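J.: Top to bottom, those sequences are chains A and B. Residue numbers for the first sequence follow the UniProt record's numbering, so the first one is 1 and each next one is one higher. Residue numbers for the second sequence follow the UniProt record's numbering, so the first one is 1 and each next one is one higher. I'd like to ask you about the structure that follows.
Number of protein chains: 2
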Amino acid sequence: MSEADAEGEDLDTEDLIMQATYRALCEHGYPATSISKIADEFEKSKALLYHHYDDKEDLLAHFLTYLLDQFETELEQNLPTDHRQRLTSVVDQALPEVGEADEFQFRRALLEMRSQAPYHEAYHDRFVHSDELILQELRDTIEAGIEAGEFQDVDPAETSQFLYTLVYGALERDVPLGDEAVTELTREQIHTYISEHVYK
Amino acid sequence: MSEADAEGEDLDTEDLIMQATYRALCEHGYPATSISKIADEFEKSKALLYHHYDDKEDLLAHFLTYLLDQFETELEQNLPTDHRQRLTSVVDQALPEVGEADEFQFRRALLEMRSQAPYHEAYHDRFVHSDELILQELRDTIEAGIEAGEFQDVDPAETSQFLYTLVYGALERDVPLGDEAVTELTREQIHTYISEHVYK
Numbered sequence: 001m002s003e004a005d006a007e008g009e010d011l012d013t014e015d016l017i018m019q020a021t022y023r024a025l026c027e028h029g030y031p032a033t034s035i036s037k038i039a040d041e042f043e044k045s046k047a048l049l050y051h052h053y054d055d056k057e058d059l060l061a062h063f064l065t066y067l068l069d070q071f072e073t074e075l076e077q078n079l080p081t082d083h084r085q086r087l088t089s090v091v092d093q094a095l096p097e098v099g100e101a102d103e104f105q106f107r108r109a110l111l112e113m114r115s116q117a118p119y120h121e122a123y124h125d126r127f128v129h130s131d132e133l134i135l136q137e138l139r140d141t142i143e144a145g146i147e148a149g150e151f152q153d154v155d156p157a158e159t160s161q162f163l164y165t166l167v168y169g170a171l172e173r174d175v176p177l178g179d180e181a182v183t184e185l186t187r188e189q190i191h192t193y194i195s196e197h198v199y200k
Numbered sequence: 001m002s003e004a005d006a007e008g009e010d011l012d013t014e015d016l017i018m019q020a021t022y023r024a025l026c027e028h029g030y031p032a033t034s035i036s037k038i039a040d041e042f043e044k045s046k047a048l049l050y051h052h053y054d055d056k057e058d059l060l061a062h063f064l065t066y067l068l069d070q071f072e073t074e075l076e077q078n079l080p081t082d083h084r085q086r087l088t089s090v091v092d093q094a095l096p097e098v099g100e101a102d103e104f105q106f107r108r109a110l111l112e113m114r115s116q117a118p119y120h121e122a123y124h125d126r127f128v129h130s131d132e133l134i135l136q137e138l139r140d141t142i143e144a145g146i147e148a149g150e151f152q153d154v155d156p157a158e159t160s161q162f163l164y165t166l167v168y169g170a171l172e173r174d175v176p177l178g179d180e181a182v183t184e185l186t187r188e189q190i191h192t193y194i195s196e197h198v199y200k
């Protein structure tokens, strides 16, 4: 059995639908992504997909939940134990690297969906939840760094809010306009801020 | 002649169409704003509106140019001469006050349009231009404040980029999710940053 087959067998229908959704969003962006464009990316029976979801908003709300669950699992499993590396890692997980075309397209689609939160309660709730998760992770990391004597004696709640605002500012300035120079500058400035104001 | 009539006579057709566009965007948000919804807000002949613009994107690209021109004029005319007040004023012009429902809705629509910049070159160009205008104004203000001995000896280009990232972070975190507590906190944090890192 080839590696692809082995991997294919591990993926259940939900995973395959979620991957099709990811591809459709990267390719078409949010407004142009319809349930039929997602079905085009889905290898199994299209009827199966239409059977599971009422409409695009229903499917995409489920997609956001799926991403959140994945994000939560990754946060718990993959974070470095070193406090500085852990803070950098949380920040970098939110900011796409220049050159990662797929990741960049995906951040673009996520920002588009975030801009639609006022019109879809399910999106709204999931973005609120995701913000809380990341802020909590930033707070915990900063608290642990202070306790270990590696970080300055900053206010963990205020500092994590400030860092999160910078991360979103970088995303919003860079991703819709796609200016790589701005992307790299803002990433650098966030890391400089952390070095000067958080690390000892 | 009543005051309303006098004002009405001063407004030409373009102004009236632009005001109708503003109202439609505030009310419906970007994706749901169609040229016919804008026509509903327009008091004069609807045929006149359809005659001027090919489609929604054409009208909205024109609307962004109109806003940019207005913004440029206001920047030149209304900025305080005091350097500190001027810096605060540029930052505050970009951030809607809590409670200004109309302004808040409008920022929301602008962020939605910004998220569509990758798909419409005309939007893209206008947002790039608007970013440049604001960054230039921030740089000029910081340079003038340093020369006057009122600001610290910061790098004007880097500091204006950092402040602009914070402003966009505040907008992107607050406006789609509509959390007033976050809005006020981020505004406060930006002003604290300016007080501590820019003002002497």
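For glycine and all other residues, C-beta sits at the position ideal for the given N, C-alpha and C. Source: prediction; values computed, not measured.
Put residue 106 of chain B into one of helix, strand or coil per three-state DSSP.
T.: Taking the second sequence and counting its residues from 1, one reaches residue 106 of chain B at position 106. The answer is helix: DSSP assigns residue 106 of chain B an H, G or I state.
J.: List the residues of chain B whose Cβ lies closer than 9 Å to the Cβ of residue 29 of chain A, in chain order.
T.: Here the question's residue 29 of chain A lines up with position 29 in the first sequence. Within 9 Å Cβ-Cβ: 115, 116, 118, 119.
J.: Using beta carbons (cut-off 9 Å, strictly below), is residue 176 of chain B in contact with chain A?
T.: Counted from its first residue, the second sequence places residue 176 of chain B at position 176. Taking Cβ atoms only, chain A reaches closer than 9 Å to residue 176 of chain B, which makes this a yes.
J.: Quick one: grab the DSSP three-state call for residue 127 of chain B.
T.: Within the second sequence, residue 127 of chain B is the residue found at index 127, counting from 1. It is helical.
J.: Please classify residue 95 of chain A as buried or exposed, where buried requires at least 16 other C-beta atoms within 10 Å of its C-beta.
T.: As a first step, residue 95 of chain A must be located in the first sequence, where it is residue number 95. So residue 95 of chain A ends up on the buried side.
J.: If you measure beta-carbon to beta-carbon, which residues of the segment 141-167 of chain A are closer than 8 Å to chain B?
T.: For the segment 141-167 of chain A, which is checked against every Cβ of chain B, the residues closer than 8 Å are 158, 161, 162, 164, 165, 166, 167.
J.: If we define contact as Cβ-Cβ less than 9 Å, is residue 127 of chain A a contact residue for chain B?
T.: Counting from 1 along the first sequence, the entry for residue 127 of chain A is found at position 127. Yes, residue 127 of chain A counts as interfacial toward chain B.
J.: Return the chain-ordered list of same chain residues with a C-beta closer than 7 Å to the C-beta of residue 159 of chain B, the five sequence neighbours on each side being excluded.
T.: Reading the second sequence from its first residue, position 159 is the one you call residue 159 of chain B. Same-chain partners within the cutoff: 142, 198.
J.: Let me know the secondary structure DSSP gives residue 5 of chain A once reduced to three states.
T.: Position 5 of the first sequence, counted from the first residue, corresponds to residue 5 of chain A. Reliability of the predicted coordinates at residue 5 of chain A is poor, the pLDDT of 45 falling under 50, and the value obtained from them is presented with this limitation in mind. Note: residue 5 of chain A maps to helix in three-state DSSP.
J.: Looking only at its chain, what residues have a beta carbon closer than 8 Å to the beta carbon of residue 184 of chain B, apart from the 5 residues adjacent to it on each side?
T.: To locate residue 184 of chain B, count along the second sequence from 1; it is residue 184. For residue 184 of chain B, where only same-chain residues beyond five positions count, the Cβ hits under 8 Å are 98.
J.: Quick one: does residue 182 of chain A have its CB under 9 Å from some CB of chain B?
T.: Within the first sequence, numbered from 1, the residue matching residue 182 of chain A stands at position 182. Judged by the 9 Å Cβ criterion, residue 182 of chain A is in contact with chain B.
J.: Given residue 109 of chain B, which residues of its chain have a CB within under 8 Å of its CB, disregarding the five upstream and five downstream residues?
T.: To locate residue 109 of chain B, count along the second sequence from 1; it is residue 109. Only 25, 26, 29, 30, 33 meet the Cβ criterion.
J.: So, under 8 Å CB-CB, residue 126 of chain A and residue 59 of chain A are touching, yes? Tell me the CB distance rounded to an integer number of Å.
T.: For the purposes of this step, residue 126 of chain A is taken as residue 126 along the first sequence, with counting starting at 1. For the purposes of this step, residue 59 of chain A is taken as residue 59 along the first sequence, with counting starting at 1. Not really, about 13 Å apart at Cβ, beyond 8 Å.
J.: When you compare the CB of residue 99 of chain B with every CB in chain A, is at least one pair closer than 9 Å?
T.: Against the second sequence, residue 99 of chain B aligns to sequence position 99. False, the Cβ-Cβ gap to chain A never drops below 9 Å.
J.: What first and last residue would you give for the alpha helix (DSSP H) that runs through residue 98 of chain B?
T.: Start at 1 with the first residue of the second sequence, and residue 98 of chain B comes out as number 98. Neither: residue 98 of chain B is in no alpha helix (DSSP H) and is coded neither H nor E.
J.: Please name the residue, chosen from A:89, A:18, A:93, that lies closest to residue 56 of chain A on a Cα-to-Cα basis.
T.: Residue numbering aside, residue 56 of chain A sits at position 56 when the first sequence is read from its first letter. Taking only the C-alpha atoms, the option nearest residue 56 of chain A is A:18.
J.: Could you name the residues of the same chain whose beta carbon sits closer than 8 Å to that of residue 157 of chain B, not counting the 5 residues immediately before and after it, in chain order?
T.: Taking the second sequence and counting its residues from 1, the one referred to as residue 157 of chain B is at position 157. Closer than 8 Å at Cβ, skipping near neighbours: 139.
J.: On the three-state DSSP scale, how would you describe residue 53 of chain B?
T.: If you number the second sequence from 1, residue 53 of chain B lands on position 53. In the structure shown, residue 53 of chain B sits in coil (DSSP, three-state: anything other than H, G, I, E or B).
J.: Is the shortest distance between the beta-carbon of residue 124 of chain B and the beta-carbons of chain A less than 9 Å?
T.: Reading the second sequence from its first residue, position 124 is the one you call residue 124 of chain B. Yes, residue 124 of chain B counts as interfacial toward chain A.
J.: With DSSP as the reference, label residue 22 of chain A as helix, strand or coil.
T.: Reading the first sequence from its first residue, position 22 is the one you call residue 22 of chain A. Looking at residue 22 of chain A - three-state DSSP - the assignment turns out to be helix.
J.: Shorter than 9 Å from the beta carbon of residue 186 of chain A to some beta carbon of chain B?
T.: Taking the first sequence and counting its residues from 1, the one referred to as residue 186 of chain A is at position 186. Judged by the 9 Å Cβ criterion, residue 186 of chain A is in contact with chain B.
J.: Give the C-beta separation of residue 22 of chain A and residue 104 of chain A to the nearest angstrom, bearing in mind that I take them to be a contact with Cβ-Cβ under 8 Å.
T.: Position 22 of the first sequence, counting from 1, holds the residue named residue 22 of chain A. Position 104 of the first sequence, counting from 1, holds the residue named residue 104 of chain A. Rounded, the Cβ-Cβ distance is 13 Å, inconsistent with contact.
J.: In whole angstroms, give me the CA-to-CA distance for residue 188 of chain A and residue 101 of chain A.
T.: Within the first sequence, the letter at position 188 stands for residue 188 of chain A. Within the first sequence, the letter at position 101 stands for residue 101 of chain A. So the two alpha carbons sit approximately 20 Å from each other.
J.: Would a C-beta distance cut-off of 9 Å place residue 186 of chain B and residue 165 of chain A closer than the cut-off?
T.: Here residue 186 of chain B is taken as the residue at index 186 of the second sequence, counted from 1. Here residue 165 of chain A is taken as the residue at index 165 of the first sequence, counted from 1. In this structure, residue 165 of chain A lies closer than 9 Å to residue 186 of chain B by Cβ.
J.: Could you tell me if residue 200 of chain B is buried or exposed, where buried requires 16 or more neighbouring beta carbons within 10 angstroms of its beta carbon?
T.: Translated into positions along the second sequence, residue 200 of chain B becomes position 200. By the neighbour-count rule (16 or more Cβ atoms within 10 Å), residue 200 of chain B is not buried but exposed.
J.: Report the residue from A:73, A:74, A:121, A:86 whose alpha carbon sits nearest the alpha carbon of residue 191 of chain A.
T.: As a position in the first sequence, residue 191 of chain A is number 191, starting the count at 1. The shortest Cα separation from residue 191 of chain A among A:73, A:74, A:121, A:86 belongs to A:86.
J.: Would you verify that the beta carbon of residue 172 of chain A is, or is not, closer than 9 Å to some beta carbon of chain B?
T.: Taking the first residue of the first sequence as position 1, residue 172 of chain A is located at position 172. Closer than 9 Å to some Cβ of chain B, the Cβ of residue 172 of chain A qualifies, so yes.
J.: Name the chain B residues that come within less than 9 Å of residue 108 of chain A, Cβ to Cβ?
T.: The residue given as residue 108 of chain A occupies position 108 in the first sequence. Result: 115, 118.
J.: What residue range is occupied by the uninterrupted alpha helix (DSSP H) comprising residue 148 of chain A?
T.: Looking up residue 148 of chain A in the first sequence gives position 148. Careful: residue 148 of chain A lies outside any alpha helix (DSSP H) and carries neither H nor E.
J.: Near residue 150 of chain A, what residues of its chain come up, given a Cβ to Cβ distance below 8 Å and the 5 sequence neighbours on each side ignored?
T.: For the purposes of this step, residue 150 of chain A is taken as the residue at position 150 of the first sequence. Closer than 8 Å at the Cβ level, and outside the excluded window around residue 150 of chain A, lie 83, 84, 199, 200.
J.: Grouping DSSP H, G and I as helix and E and B as strand, with all else coil, what is residue 30 of chain B?
T.: To locate residue 30 of chain B, count along the second sequence from 1; it is residue 30. Here residue 30 of chain B sits in coil by DSSP.
J.: Could you give the distance in angstroms between the alpha-carbon of residue 123 of chain B and the alpha-carbon of residue 129 of chain B?
T.: Along the second sequence, one-based indexing puts residue 123 of chain B at 123. Along the second sequence, one-based indexing puts residue 129 of chain B at 129. For residue 123 of chain B and residue 129 of chain B, the distance between alpha carbons rounds to 10 Å.
J.: Apart from the five residues on each side of it in sequence, which residues of its chain come closer than 7 Å, Cβ to Cβ, to residue 174 of chain B?
T.: Reading the second sequence from its first residue, position 174 is the one you call residue 174 of chain B. These residues qualify, in order along the chain: 182, 183, 186.
J.: Using the C-alpha atoms, what's the distance from residue 39 of chain A back to residue 51 of chain A?
T.: Taking the first residue of the first sequence as position 1, residue 51 of chain A is located at position 51. Taking the first residue of the first sequence as position 1, residue 39 of chain A is located at position 39. Straight-line Cα distance between these residues: approximately 11 Å.
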